[in-house]
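> Sharing a structure here in structure tokens format.
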Amino acid sequence: MNATLPPDYTTLLCVRSGPFGGGRSSLSDVHAAVARLSEDNRALLAEPAFHYGTFFDLFGVGEEYKPFPVLDASDPGKGFVRFTAKMLGRSELGQAHADAARELAEELVREQVRFMLQPGDYLIVNQRRFLHGREALHVGQESVPAADRRLLLQLFLRAGAGARLGRVAGRRHR
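Right, dumping it as structure tokens:
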């Protein structure tokens, strides 16, 4: 998330599966992936050189961070990691930054776990340790009436005092 105060957790509730399939979720241990990178690539990823997405309808997450660093710290296992492979095509990066981001993408995929959320499944992800992604839905989704399309409800949470969780923001995903 390209915010200055990203939430600690993201949750997804699968209300309805897509009728044509696709859209598997994936989880990657971001600290393990970062630890496998060279020190030079970690340093490049800690520079604010990256852009991705739009920033709207969010509260409690600070300001938009643009450009942003992928890594809050170049030390493996520390800081927040802001990454999506989609940003590689949207950031005007020099060769060194692009190569470092591609290497991180490869490391994230290397040991990722993929699974399909079913109606009633509720996923809670510690965003300080894992990155969550979703694969594309299968083609033909535009022909499905809105009431029959896949529906995932997302909620962002922040760990509070005494490890209590509080609501930060919510968003609907299809």
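So my numbering is basically just the index in the sequence shown, starting at one, shifted up by 20.
Don't be surprised by glycine CBs; every beta carbon is placed ideally from N, CA and C.
For residue 87 and residue 103, which I take to be in contact (beta-carbon distance under 8 angstroms), what is that distance rounded to the nearest angstrom?
Wrong, their Cβ atoms sit about 14 angstroms apart, outside the cutoff.
> Between the C-alpha atoms of residue 57 and residue 83, what's the straight-line distance to the nearest angstrom?
Straight-line Cα distance between these residues: approximately 29 angstroms.
> I'd like the list of long-range same chain contacts for residue 61, defined as Cβ closer than 6 angstroms, with 5 residues on each side in sequence excluded.
120 and 123.
> Need the endpoints of the beta strand (DSSP E) that residue 90 sits in, please.
Element bounds for residue 90: n/a, residue is neither H nor E.
> Pick helix, strand or coil for residue 255, following the three-state DSSP scheme.
Given a span of 21 to 194 for the chain in the structure shown, any question on residue 255 remains unanswerable.
> Buried or exposed: where does residue 176 fall if 16 or more other Cβ atoms within 10 Å of its Cβ makes it buried?
When all chains shown are included, residue 176 counts as buried.
> Less than 7 angstroms between the beta carbons of residue 33 and residue 173, yes or no?
Contact flag set, yes.
> Find the nearest neighbour of residue 64 within the set 91, 39 and 38, judged by alpha-carbon distance.
Residue 91 is the option with its Cα nearest to residue 64.
> Excluding the 5 residues flanking residue 97 on each side, which residues of the same chain have their C-beta closer than 8 angstroms to its C-beta?
Once the five neighbours on either side are set aside, the close Cβ partners of residue 97 are 51, 54 and 55.
> Does the structure place the segment 105-113 close enough to the segment 24-38 that three or more beta carbon pairs sit under 8 angstroms?
Taking 8 angstroms as the limit for Cβ pairs, the verdict is that the segment 105-113 does not touch the segment 24-38.
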